[in-house]
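Novice: Dropping the structure in here first, questions after.
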Amino acid sequence: MKTAAIVTFIMFTVSCAWGQVWTEHSNGLIPPDMEGGHTELEFYDINLDGYIDILCIGDHGSPYINTDQHGIMVWFGDGAGNWSVYQNGNFGYGGIAVGDVNNDGYPDVGYGMHHDYSSTDFGDQLIEVALGDGTGMNWIPWDDNLATTGEDWGMFGTDFADIDADGDLDLVSASFGYGAGMRIYRNEGDGTWSYVHGTSHRNSNLYAEFGDIDGDGYPDAVVCIQDVAVFMNDGSGGFYQLTGGGLPPPGNIGYYDVALGDIDNDGKDEVGIVNSGVMEIWKLNTDGQTWTDMSGELRNYPSKEAIDIADMNSDGFLDVVGHGSGNCHILFGDGGSSWSLAYSFTTPSPGYNQALRAGADVDNNGYGDIVLVNRKQLSWMTYRNYCMFFMETSTPDTTRIVPLYPRGHETFIGGSAGWIEWTTEIVGGQPATVKLELSTEGYNGPYVLLADSLPNNGKHQLVWPWYVLSDSCYIKLTLTGQDTATATTPAAFAILGQQVSIEDETTVPDRAFLVRQYSNPFNATTTIEFLLIEREFVKIEIFDLLGKRIETLLSQVRQPGTHRLIWDATGYASGIYYYRIQAGENSQTRRMVYLR
Numbered sequence: 034m035k036t037a038a039i040v041t042f043i044m045f046t047v048s049c050a051w052g053q054v055w056t057e058h059s060n061g062l063i064p065p066d067m068e069g070g071h072t073e074l075e076f077y078d079i080n081l082d083g084y085i086d087i088l089c090i091g092d093h094g095s096p097y098i099n100t101d102q103h104g105i106m107v108w109f110g111d112g113a114g115n116w117s118v119y120q121n122g123n124f125g126y127g128g129i130a131v132g133d134v135n136n137d138g139y140p141d142v143g144y145g146m147h148h149d150y151s152s153t154d155f156g157d158q159l160i161e162v163a164l165g166d167g168t169g170m171n172w173i174p175w176d177d178n179l180a181t182t183g184e185d186w187g188m189f190g191t192d193f194a195d196i197d198a199d200g201d202l203d204l205v206s207a208s209f210g211y212g213a214g215m216r217i218y219r220n221e222g223d224g225t226w227s228y229v230h231g232t233s234h235r236n237s238n239l240y241a242e243f244g245d246i247d248g249d250g251y252p253d254a255v256v257c258i259q260d261v262a263v264f265m266n267d268g269s270g271g272f273y274q275l276t277g278g279g280l281p282p283p284g285n286i287g288y289y290d291v292a293l294g295d296i297d298n299d300g301k302d303e304v305g306i307v308n309s310g311v312m313e314i315w316k317l318n319t320d321g322q323t324w325t326d327m328s329g330e331l332r333n334y335p336s337k338e339a340i341d342i343a344d345m346n347s348d349g350f351l352d353v354v355g356h357g358s359g360n361c362h363i364l365f366g367d368g369g370s371s372w373s374l375a376y377s378f379t380t381p382s383p384g385y386n387q388a389l390r391a392g393a394d395v396d397n398n399g400y401g402d403i404v405l406v407n408r409k410q411l412s413w414m415t416y417r418n419y420c421m422f423f424m425e426t427s428t429p430d431t432t433r434i435v436p437l438y439p440r441g442h443e444t445f446i447g448g449s450a451g452w453i454e455w456t457t458e459i460v461g462g463q464p465a466t467v468k469l470e471l472s473t474e475g476y477n478g479p480y481v482l483l484a485d486s487l488p489n490n491g492k493h494q495l496v497w498p499w500y501v502l503s504d505s506c507y508i509k510l511t512l513t514g515q516d517t518a519t520a521t522t523p524a525a526f527a528i529l530g531q532q533v534s535i536e537d538e539t540t541v542p543d544r545a546f547l548v549r550q551y552s553n554p555f556n557a558t559t560t561i562e563f564l565l566i567e568r569e570f571v572k573i574e575i576f577d578l579l580g581k582r583i584e585t586l587l588s589q590v591r592q593p594g595t596h597r598l599i600w601d602a603t604g605y606a607s608g609i610y611y612y613r614i615q616a617g618e619n620s621q622t623r624r625m626v627y628l629r
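When you number the sequence shown by our numbering, it's gap-free, plus one each residue, and the end is 629.
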């Protein structure tokens, strides 16, 4: 339950049908000054302090073009709608994505840009990835072989997802105007990237997103480019174009904007588009070829330039936010094709949208918030962009945690990287932490720990356990602070991993090696022994109970013969672990028990 705050709101025209109010809280979003043209914004707790931040690489004024914008711009939030900026780099004008690409626990960034003006490795490519250190201030380039397949003018909107289920995030980026169209690159895990798919010589409207449109567990891509927008993942990290079937054609310049989200809670993402100023939602049918229109009342709110999909009121159904021509509308969904106006406001004229992001709950009151870049007229011939943040101002009277993703019916591939998302209502807005647990045997468990003492920032990246093969998975979320609350995903989802079998210790695989481990159970240290019949490249990795790789003991060529390695488990908790040995085309996975 929440109580709507009483606010004085003079600058903007408002309409409120549900009792919620979104008011501007943009203190600190200047500096830097902005100039003109589009950009992309992301909500993410980049410094892991529990408060959501805003990230961007700026509009046409970056770097230092009639403005003080430059490089990666982070507006650090304080949880109350106040912001302070830190900038690093000599480049800009483009899109941005956030995620942990090297699985070290710190969020990283990827970005496509038009102004690659830097004289150093940090900012000299049209597509880049940079590693973070948990501060949101320092970045290390991790971008070899990106933007090497004909991107010669500029790139823009960027997103991350694990397209090949190998445990790390890959990248899509849309072209700036007429150029490369779109590009998808695979993360090789060592700072290098491999080209996977792309289109050339097509107009683009700048933005791209990953999402699972057909529910097979492999991320697909939707891009604002000419003629074709939807690119389906073939299950191996490759992509093919999906055209026709009733989905409106993108035309000569592509859709204005795209967004993805599971509107009807069936585990498959619907496609949101802005098509000639009109917001639309389309669902891919089970035949994988044709589409169903779920737009309903969205068409009653035209002149839009941007769309986003998020659960803005934590009721379990995704909602739609659209902005353009000075009007922002928030429409609540019901899980189908009906949409009800919840709130609207106007932005300074002419109010053209240059970026939009919705859904993050900055103040922990259970309602999603909105950040956008609005083009404002200053004089007869002078226009300037302004970054504006709008926060829903209801006051919660109870403490609860709400699972946002997964919610049920989704499919995840074991060993793939992804996210768990939630929102909270906290009386008094006190700091809190979150614990995540996983059951693979139904709602009643048993549950095993995924992560504990997480900052309450609404998002946690993980690798789905590779050994799980179950369609009865649930996540339990526990909020701990001044008050506590627990919630569980409302329906089951699936993890399609590989079942771990324990081979006979005396079996020798063809062509490769014999492995044994002693003692088992063990205390502190254990020995892993293997026999190579031929000279081979050998990799030995240690995994925890959830399939997370915690150590690599060996990764090199070894000569034929018997070899032994000792694993020192000191510092790890007692429990079940797995070790996997790979040599040539053969691999074995075994279970071991550590008793401290």
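Virtual Cβ for every residue (Gly too), placed ideally from N, Cα, C.
Computed from a prediction, not measured in an experiment: that's the story for all the values here.
Can you tell me whether D396 is buried or exposed, with buried defined as 16 or more other CB within 10 angstroms of its CB?
Specialist: Flag for D396 reads buried.
Novice: Is the beta carbon of G310 sitting closer than 8 Å to the one on P282?
Specialist: Against a cut-off of 8 Å, the Cβ pair of P282 and G310 comes out as no contact.
Novice: Taking the runs of the beta strand (DSSP E) that are 3 residues or longer, which of them lie wholly in the segment 551 to 585?
Specialist: Entirely contained in the segment 551 to 585, the beta strand (DSSP E) runs reaching 3 residues are, in chain order, 558 to 565, 569 to 576.
Novice: For V626, which three-state DSSP category applies?
Specialist: Strand.
Novice: Does DSSP classify R332 as helix, strand or coil?
Specialist: Reduced to three states, the DSSP call for R332 is helix.
Novice: Would the segment 594 to 613 count as touching the segment 515 to 530 if we require 3 or more Cβ pairs under 8 Å?
Specialist: With a cut-off of 8 Å, the segment 515 to 530 and the segment 594 to 613 do not count as touching, because too few Cβ pairs lie within range.
Novice: Does the structure place the segment 408 to 417 close enough to the segment 427 to 446 that three or more beta carbon pairs sit under 8 Å?
Specialist: Too few Cβ pairs lie closer than 8 Å, so no.
Novice: Using DSSP with H/G/I as helix, E/B as strand and the rest coil, what is V134?
Specialist: In the structure shown, V134 sits in coil (DSSP, three-state: anything other than H, G, I, E or B).
Novice: Where S237 and M345 are concerned, what is the direct C-alpha to C-alpha distance, given to the nearest angstrom?
Specialist: So the two alpha carbons sit approximately 29 Å from each other.
Novice: Helix, strand or coil for G461, going by three-state DSSP, please let me know.
Specialist: In the structure shown, G461 sits in a helix (DSSP, three-state: H, G or I).
Novice: What residue does the beta strand (DSSP E) around L483 start on, and which one ends it?
Specialist: L483 -> beta strand (DSSP E) spans 480 to 488.
Novice: In angstroms with no decimal places, state the Cα-to-Cα distance between I566 and T559.
Specialist: Straight-line Cα distance between these residues: approximately 23 Å.
Novice: Touching or not, the segment 466 to 477 and the segment 363 to 383, by the rule of three or more beta carbon pairs under 8 Å?
Specialist: Judged by Cβ distances under 8 Å, the segment 466 to 477 makes no contact with the segment 363 to 383, as fewer than three pairs qualify.
Novice: Using DSSP's beta-bridge definition, name the partner residues of M106.
Specialist: According to DSSP, M106 bridges with C89, Q120.
Novice: Give the range of the beta strand (DSSP E) segment to which P436 is assigned.
Specialist: Here the beta strand (DSSP E) through P436 covers 433 to 438.
Novice: Would you kindly work out how many angstroms separate the C-alpha atoms of I583 and Q550, rounded to a whole number?
Specialist: If I take the Cα positions, the gap works out to 18 Å.
Novice: Tell me which residues share the same chain as S151 and place their Cβ nearer than 6 Å to its Cβ, disregarding the 5 neighbours each side in the sequence.
Specialist: Taken in chain order, the residues that qualify are N123, F124, D157.
Novice: For Q615, name the three-state secondary structure that DSSP assigns.
Specialist: Q615 falls in the strand class under three-state DSSP.
Novice: Whether or not the segment 169 to 177 and the segment 195 to 211 are in contact is what I'm after, with contact meaning three or more pairs of Cβ atoms, one per stretch, closer than 8 Å; do they touch?
Specialist: Too few Cβ pairs lie closer than 8 Å, so no.
Novice: Have a look at H230 and V460 and give me their C-alpha separation to the nearest angstrom.
Specialist: Those two C-alpha atoms are separated by around 48 Å.
Novice: Going residue by residue through the segment 250 to 309, where are the continuous beta strand (DSSP E) segments of at least 3 residues, counting only ones entirely within it?
Specialist: Runs found: 253 to 258, 263 to 266, 272 to 275, 290 to 294, 303 to 308.
Novice: For P64, which residues of its own chain have a beta-carbon under 8 Å away from its beta-carbon, when the five flanking residues on both sides are left out?
Specialist: The residues are D101, V118.
Novice: Whole-angstrom Cβ separation of G369 and D297, contact assumed at under 8 Å?
Specialist: About 6 Å; that satisfies the 8 Å criterion.
Novice: Should Y273 go down as buried or exposed, given a rule of 16 or more other Cβ atoms within 10 Å for buried?
Specialist: The residue in question, Y273, is exposed, as its Cβ has fewer than 16 Cβ neighbours within 10 Å.
Novice: Got a sec? Which residues, its chain only, sit under 7 Å from A450 by beta carbon, not counting five neighbours each side?
Specialist: Cβ neighbours of A450 beyond the five flanking positions: D195, G200, D201, L202, Q494, V496.
Novice: What residue range is occupied by the uninterrupted beta strand (DSSP E) comprising N418?
Specialist: Residues 415 to 425.
Novice: Quick one: is D86 buried, meaning 16 or more other Cβ sit within 10 Å of its Cβ, or exposed?
Specialist: Buried.
Novice: Pick from L239, H148, Y218: whose alpha carbon is nearest that of L74?
Specialist: Selected option, being the one with the closest Cα: L239.
Novice: Using a Cβ-Cβ cut-off of 7 Å (strictly less than) and excluding sequence neighbours within five positions of N266, which residues of its own chain qualify?
Specialist: Excluding sequence neighbours, N266 sits near I196, Y251, P252, D253, F272.
Novice: What does DSSP give as the partner residues of I173 in its beta bridges?
Specialist: DSSP lists L164 as partners of I173.
Novice: Short check: CB of G635 to CB of P523, under 8 Å?
Specialist: Since the first residue shown for the chain is 34 and the last is 629, residue 635 is missing from the structure and cannot be characterised.
Novice: CB D192 to CB V205, shorter than 8 Å?
Specialist: It is a contact, given that the beta carbons lie within the stated cut-off.
Novice: Taking 7 Å as the limit between beta carbons, can you name the residues of its chain near V481, skipping five residues before and five after?
Specialist: Excluding positions up to five away in sequence, the list reads E470, L471, L578, L579.
Novice: Using the Cβ count rule (16 or more neighbours within 10 Å means buried), how would you classify T431?
Specialist: Exposed, because fewer than 16 other Cβ atoms sit within 10 Å of the Cβ of T431.
Novice: Output yes or no for whether 8 Å exceeds the beta carbon distance between L88 and Y97.
Specialist: Contact: no.
Novice: By how many angstroms is the C-alpha of S371 removed from the C-alpha of M106?
Specialist: Between M106 and S371, the C-alpha separation is close to 38 Å.
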